[in-house]
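Written below as structure tokens is the structure these notes are about.
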Amino acid sequence: MVVNCSQVGSMRSTLQIILLIISVSALGQEPVINNVQPLKSGPNQKVVITGNGFSSTSSQLNVWFDQVRGTITNSTAFSVEVQVPPQARFSNVEIINLSNNLSGKSPLKFLPSYGGQQFDVSKTANAYSNTDGNELFDIATSDLDLDGKPDMVTSRGGPTSTANISDIYIYQNTSTGIGNINFTRYDKTTIAALNIGAPTANVACGDLNGDGKPDIVASRGGNTRNQVYIIKNTNSVAGTMSFAAQTSLFLDASQSAFRISIRDLNQDGKPEIIVSNAFDDLNAATDNEIYVYPNQSTGSTISFGAAIKLSVTGASSTYGLDVQDLDGDGLADIVVNQFQSNNVYVFRNTSTGNITFDIVKTITATGSFNNIMSSDLNNDGKLDLLATATLDNNVQIWINQSTPGSISFGGSQTLASSKGPWGIDVSDIDGDGDADIIVANKNGVGTQFDNTDIKLNIFRQDSPLSFTRLDIVTTNPTRNLRVGDLDGDGKPDIAYSSFPVAGLTFTANVIRNANCWSPVITSSTGSPSPAPICTSQTIRIQTQPALGATYVWKNGSTTVQSGTLEYFDVVGSANAGTYTVTVNGTVDAGCSVQSTGFTLTSSTGTAPANPSIGNNVPCLGSVLNLTTPSVASATYSWTGPNGFISTSQNPTINPVVSASAGVYSLQVTVGPCQSNVTTKQLDVASVPTLPVTSSPAALACAGSSITLSVSGTGYTFQWKKGGVAIGGQTASSLALTSLSAASEGDYSVVVTSISTTCFQETAKTSVKVFSPASAAFSMSTPDCAKAPITFTDQSTGLDSRGTAVYTWSFGDASPTSTLQSPSHSYVLAGNFSPNLTVSYQGVTGCASNVTKPLTVNAPTQPTIQASADPICSGDQTTLSISGSYTSIAWVGATGNTSSVLITEPGKYKVSTTDANGCTALDSLTVGSKPLISPFTISTYQNKTSINAGDTLKLTATSGADTYTWSHAETLSDATIFNPIAKPTLTTTYKVVATKAGSCDAIDSIKVTVETGVAIIKPPKIFSPNNDGCNDTWKLCQSTTPCVPGACPEETTYNDWTMTIYDGHGGQVIQQKGFTSWDGSYNGQKAPDGTYFYVFSNGSGRPATGSILLVR
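Here it is as structure tokens:
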């Protein structure tokens, strides 16, 4: 049965009777939202928020549906009835109690749903665009000027911008009605507070100090990124913009602030700022840290404490961020992902006053993840996770399988996207009542860019976890986006940032959603069609309100009503029939949609009167008694929160839980006739869960004192230990003094409301008393400067329940160490007093320390001396050190005494140990004298072979002082660099050259003596025509054209005879000691032709060949 809480009129009894007519506004009590009913609804419909810490004075409360406030129609200390604003956004509902400046958010997200049909991309159009020369990287929306319309904020530059940017932009929503989307842009020239002095990366809006005014938070971009800016909203007149100058929060140096979330983590009603950290030191062994800034603000000031750093084990960076209650325990958990890398990381919140988290849990996942968010996609009451995987071109979904206290997610479901998915948001874009996914895509880069794939993706959810992708083509690639109604028609629009394919025209844009409604008729009896209508009965039929529309009601083909009313009253069975309603858009003229018929069938009899609902005043944990007057022959149909259904006349609920609060419905049926559904909002009176704080911590040292306390007025208190009341301890605090083992136990306090007598016992706080350990340690020997000394913990008496903390001070102004048994090197020798302090983590004043004297000796330092340096290879020199040592070890030389002999240049080392056991090192590089380099022996034309009896000149590199050749008996001079050799046998000549200050140079050459074979290379042709070119034939061919060749002086053949024959075998000449032939024969010119020669010495094999004579 669907109950519409906004229905009014005589045909239906809507009893807004609050079970507790006396409400208690507990000063210091933060609003706690247990339920929002229903969790999805249309614009201007009413929802009921139940919990505690509210107020019966509605003006003291704000209810925010993310970017705009709703209109409160009724409130108590335990419930708020509020009208959903048209521009509500998919988000956690937030209540701010202006009387104490505290706030609280719903654990699940509220889904605005306008009652549409399948999404039609053609019914979207760009409605607004604003350009800038720098990227408008991120977008946030919030009603900053409190005029009921969401404004926009954009960062400028982005995380890595190096541009000269100093402000952010605010876009004041100046839209004048449905279909008109317009903004006025503000920058530092119009609002001085926007001048923050640097580029910005990401932005978020939220009320930080509980004054009902959304503030702005931005992370710094550019080269220095370890800063978060806070711009306090000081607006006092609706429709105007006013802000205080920015203040800053800082991350550690070199860190990179990125995504920002604003959420209360410890249930004190003050939202913390949580910042992801995009810094990656490129060290796989170093874990990333995210930053949590505890909120210490008051209504007039904004202030945050020192950052709590959470180490994300296994992550090199953190980028995407969401903070939501994932396991249903009422505490918001932190979810992050690395920048374009694998895995998702979750910190389960374990705070009980102080902010604490369980160790990080890794959700193993493969993908290049970028942005992450949450939504209950399968309607099981748990927030699922979804993230863009930029380099994989997909969106991944993980279904939540967590239980209170345990976080668990199933495997991923993948949705293929356009290229480069980046920003992601969730909204009921088609108005059909389930969550759809909207994704901005930055496309590829460089060669990966695809100008056919510049799109926003809509993943329309057709049934739980079943999606159809639709695309909206955009002019430029898109970056981040924000989905929510901006013109007041209740339909989510899409605001997004984009960047150009080329150039410097960046834009912030809004695409207006002009999709149509899909009217569905329901009746005040709650019965589906066909439904009976009895004699004289009035039944109201209605459809969900549509903004910017008119309604035409028909019975059959007859129009029975037209105008702006979304309902029609059918009076009496005589007007039974099939009714339809057509919804016509007044702005979106293309929208004219008729519902399916709803049939009222005529029935005899009289409908029972609308029943009244009676009830007792239950406290949380007690019994709720529901009553209604008896009706003859009637049946009863009760429904209510937490799945309550009953057919009893007077049902009970035992025990009452917080989820039992809300709207109860009752319908009475007699025969075929049904009464209208009567509803009544019932509160469950409860005492807020007050956190017990311990000052100092509940882990304490024997003999010390702690105070346990709760805060709040209008209550009485009874402290307990181990479940047993402590006599006389009825104040809001409990002092435990002179702690001992007997003081240990689980402490709690029963908090009772003075006005309602409802009570609740707090969670137990475990007090543990520790005794100091006895600190002791030893030190390794020897104790030498510049050598590591091991300090070994030998402490005793440690309590195994605690985590020992070791703090070492070494007495030399060096940093302390927290290792249990560290090593430390002293730079200088001297007397020191190392100290060890042993304490327990989280325990105040339970430390034991001990100091010991330490004398650090300076090692006896050896210095290597060389008797000669530099030297040549083979030269002998002595290396020595002075001083007294118990051991000496040389490297590169042989020996273990204070002096050693070496014969080669090079690097030598010595390691010594002195009488104190201190080791020392020294090294010496013995240089090499220069060489005569290069040093070679050469011959003419590199000739190394001669005939017996011939000579050959040997030439060594010149410039030496002396030369000494071997085989001096076959050389013209064995002391010069270029002697003439006349060996009789094949001989290897070696020369040693000396030069002052240099090492001797040595080279050798082998000269081969050919016995009986002449080695000549005469020309094949010559032309004795007296032209000065090749006029004679010689034994050696010229290497230069037209220059006569000649046998070098080094090779002569005095004992050889040349005989030349003509082509007929006739002898032309025969000559011993031949040098040349001029081409004559007996004083006459020999004729042209071919001649043959024989060159011999009468004993060996002669040299032969042919000669071509051509004049």
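Here this note's numbering = 1-based position in the sequence shown + 398.
Just so you know, even glycine gets a beta-carbon here, dropped at the ideal spot from N, CA and C.
Keep in mind it's a predicted model, so treat the numbers as computed, not measured.
If one requires a minimum length of 4 residues, no alpha helix (DSSP H) run lies completely within the region 1370–1409. Pairwise C-beta distances place the region 1308–1328 in contact with the region 1386–1400, as three or more of them are shorter than 8 Å. Of the other Cβ atoms in all chains shown, fewer than 16 fall within 10 Å of the Cβ of Ser1221; this residue is therefore exposed.
A straight-line Cα-Cα distance of about 15 Å links Thr560 and Ile566.
When DSSP states are grouped into helix, strand and coil, Val1029 belongs to the coil group.
In the structure shown, the three-state DSSP call for Pro1257 is coil. In the displayed model, Thr716 falls within coil according to three-state DSSP, outside both helix and strand.
When beta bridges are read from the DSSP output, Arg1199 appears opposite no residue. Counting only the Cα atoms, Ser1056 lies some 42 Å from Ser971. In the DSSP annotation of this structure, Leu606 is not part of any beta strand (DSSP E), being labelled neither H nor E. Thr1502 and Gln1469 have their alpha carbons spaced roughly 15 Å apart. In this chain, Met639 is not harboured by any beta strand (DSSP E), its DSSP state being neither H nor E. Leu813 places its beta carbon 8 Å or farther from that of Phe755. If one requires a minimum length of 3 residues, the beta strand (DSSP E) runs lying completely within the region 497–552 are 500–510, 522–530, 537–540 and 549–552, in chain order. With respect to the 8 Å criterion, Leu1024 and Pro1049 are classified as neighbours on the basis of their beta carbons. In this structure, the alpha-carbon of Cys1316 lies about 19 Å from that of Ser1176. DSSP, reduced to helix, strand and coil, places Thr1276 within a strand of the structure shown.
With fewer than 16 other CB atoms across the displayed protein chains lying within 10 angstroms of its CB, Asn1229 is exposed. Scanning its chain for C-beta atoms nearer than 7 Å, with the 5 sequence neighbours on each side dropped, one finds around Val1407 the residues Ile1344, Ala1346, Pro1381, Thr1382, Leu1383 and Thr1384, in chain order. Around the CB of Tyr1338, fewer than 16 other CB atoms lie within 10 Å, so the residue is classed as exposed. As a beta-bridge residue in DSSP terms, Gln992 pairs with Thr980. Distance from Ala713 to Asn686 at the Cβ level is roughly 4 Å; contact confirmed, criterion being Cβ atoms closer than 8 Å. Straight across, the Cα-Cα distance linking Gln1263 with Pro1170 is about 57 Å.
In terms of Cα proximity to Asp723, the closest of Asp778, Asn681 and Ile805 is Ile805. In the DSSP assignment, Lys1305 is bridged to Thr1323. Closest by C-alpha distance to Leu1350, out of Gly1357, Lys1341 and Val482, is Lys1341.
Tyr1338 sits in a helix when the DSSP states are folded into three classes.
In this structure, Val482 and Pro548 do not form a Cβ contact; the two beta carbons are roughly 14 Å apart against a cut-off of 8 Å. Measuring C-alpha to C-alpha distances from Tyr1204 to each of Ile1187, Thr529, Phe966 and Asp1191 identifies Asp1191 as the nearest.
Cys1071 counts as buried, since no fewer than 16 other beta carbons sit within 10 angstroms of its beta carbon. Under the DSSP assignment, Ile660 falls in the beta strand (DSSP E) whose first and last residues are Ala655 to Arg661. Cys603 is classed as buried because its beta carbon has at least 16 other beta carbons within 10 Å across all chains shown. Fewer than three Cβ pairs drawn from the region 787–799 and the region 474–489 lie within less than 8 Å of each other, which leaves the two stretches out of contact. Taking C-beta separations shorter than 8 Å and ignoring five residues to either side along the sequence, the partners of Gly1143 in its chain run Lys1119, Gly1120, Ser1164 and Val1165, following chain order. Between Thr1160 and Val1075, the C-beta spacing is not below 8 Å.
Burial state of Ala523 is exposed, judged by a 10 Å Cβ sphere holding fewer than 16 other Cβ atoms.
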